[in-house]
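Heads up: the structure comes next, in structure tokens.
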Amino acid sequence: MDKMASYTSMEFRTAMGSFLSGVTVVTTQKSDGSPTGAAVNAFSSISSSPATLMVSLDHNSRTLGFIKESKVFGVNILAKNQLDIVRHFASKIDNPFGATPHQIMASGAPIIEGSLAWFECSIADIFKSGDHDIIIGHITSLYSNPELSPLGYFRGELLTTV
Numbered sequence: 016m017d018k019m020a021s022y023t024s025m026e027f028r029t030a031m032g033s034f035l036s037g038v039t040v041v042t043t044q045k046s047d048g049s050p051t052g053a054a055v056n057a058f059s060s061i062s063s064s065p066a067t068l069m070v071s072l073d074h075n076s077r078t079l080g081f082i083k084e085s086k087v088f089g090v091n092i093l094a095k096n097q098l099d100i101v102r103h104f105a106s107k108i109d110n111p112f113g114a115t116p117h118q119i120m121a122s123g124a125p126i127i128e129g130s131l132a133w134f135e136c137s138i139a140d141i142f143k144s145g146d147h148d149i150i151i152g153h154i155t156s157l158y159s160n161p162e163l164s165p166l167g168y169f170r171g172e173l174l175t176t177v
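Written as structure tokens, this is what we have:
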């Protein structure tokens, strides 16, 4: 925490939680080629030319280490009917892909089937900031389904009525 901050870590988290966001699962492959991933709400587009996005993961995230190793990752924006999926990826279970329908792209990035949208990415850059790494991804392929509705996250709660 910044030594000059006039707020606590909890106050910061509460204020940031006031921003309604979508819910994403960032995916990659382990050293043995098996898929893995984590629920992430720090996600944003950066540029349309070239098409780039960013995600932020805690320095201690297992998924971060595998992304750095494989150099590819997927970002899956979850639909409102995918509550169980985000719960698996937000937990510490060893194989969140166990019952999650997915496909492996040519790059090796896993994509979750039924997502509202997904992006297949290669690492363009990585920056350290505080206790997180910011990964800039070059988008190599993408898909969106305009007929699905999003899953939302607001003040620590998952929302299906966005």
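Per our numbering, the sequence shown starts with residue 16, numbered consecutively.
The beta-carbon is built from N, C-alpha and C at its ideal position, and this holds for glycine as well.
Note that the structure is predicted; figures quoted are calculated from it, not measured.
Those residues which DSSP pairs with residue i across a bridge
i           : result
residue 69  : 59, 151
residue 117 : 127
residue 90  : 41, 134
residue 50  : 44
residue 164 : Answer is none; residue 164 lacks a bridge partner.
residue 178 : With the chain running from 16 to 177 in the structure shown, residue 178 is simply not present.
Reduced DSSP secondary structure (H/G/I, E/B, other) of residue i
i           : result
residue 32  : coil
residue 41  : strand
residue 137 : strand
residue 172 : strand
residue 4   : Residue 4 lies beyond the range of the chain shown here (16 to 177); nothing can be said about it.
residue 104 : helix
7 Å CB neighbourhood of residue i in its chain, flanking five on each side removed
i          : result
residue 16 : Its pLDDT being 49, under 50, residue 16 is placed unreliably in this model, and the value from its coordinates should be taken loosely. So the list reads 24, once near-sequence residues are dropped.
residue 22 : none
residue 85 : 43, 44, 123
Nonlocal neighbours in the same chain, by C-beta distance under 6 Å from residue i, ignoring five residues either side
i           : result
residue 38  : 93, 101, 166, 168
residue 95  : 164, 166, 175
residue 55  : 39, 41, 70
residue 66  : 154
residue 103 : 111
residue 20  : none
Neighbourhood of residue i by C-beta, 8 Å cutoff - its chain only, sequence neighbours within 5 removed
i           : result
residue 136 : 68, 87, 88, 89, 90, 124, 152, 153, 154, 155
residue 141 : 83, 148, 149, 150, 151
Next on the checklist: Pairs of beta-carbons, one from the segment 131-142 and one from the segment 150-169, closer than 8 Å: are there three or more?
Outcome noted: yes
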